[in-house]
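J.:
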Amino acid sequence: AFYAFFDISGTFGKSVAGGPFHTDTEFCQAALDHALVCLVQGSAFGAAGHARLSFAASRSQLEEGLRRLSHWLAKTSP
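For the sequence shown, the working numbering begins at 905 and goes up steadily by one.
1) Count the other CB atoms, across all protein chains shown, that sit within 10 Å of the CB of residue 926; report buried if there are 16 or more and exposed otherwise.
2) Should residue 965 be labelled buried (16 or more other beta-carbon atoms within 10 Å of its own) or exposed?
3) Provide the residue span of the beta strand (DSSP E) that contains residue 954, from first to last.
4) Restricting to Cα atoms, I'd like to know which of 921, 907, 908, 954 is closest to residue 972.
5) Can you name the start and end residues of the alpha helix (DSSP H) that residue 931 belongs to?
6) Evaluate residue 939 with the Cβ neighbour count: other Cβ atoms within 10 Å of its Cβ, from every protein chain shown; 16 or more gives buried, anything less gives exposed.
7) Pull the bridge partners of residue 911 from the DSSP assignment, please.
8) Would you call the CB atoms of residue 935 and residue 943 closer than 7 angstroms?
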């Protein structure tokens, strides 16, 4: 498997479905609840403010997951 860590701290405190959230744990739970994408909080790996995405899926599954995340985050407002 391959993994990517994304800095999500810029979303903290902003209005989005499931938020506002102030930790990577809250963000990852909201991503699961609202975008149906499972991320792991970076704080579990010493990288608070980040989320980990696993690339252990087919290309079409990854594209669908990223599309869902993008759609969910596009609804973010300051």
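Just so you know, even glycine gets a beta-carbon here, dropped at the ideal spot from N, CA and C.
T.: So, from the data block:
1) Counting Cβ neighbours within 10 Å, residue 926 comes out exposed, since fewer than 16 surround it.
2) Counting the other CB atoms within 10 Å of its CB gives residue 965 a total below 16, which places it among the exposed residues.
3) Unbroken beta strand (DSSP E) run through residue 954: 954 to 958.
4) Ranking 921, 907, 908, 954 by Cα distance to residue 972 puts 921 first.
5) Looking at the DSSP string, the run of the alpha helix (DSSP H) that includes residue 931 is 928 to 934.
6) With a 10 Å radius around the Cβ and a threshold of 16 neighbouring Cβ atoms, residue 939 comes out buried.
7) BP columns for residue 911 point to 954.
8) Yes, the pair counts as a contact, with Cβ atoms nearer than the cut-off.
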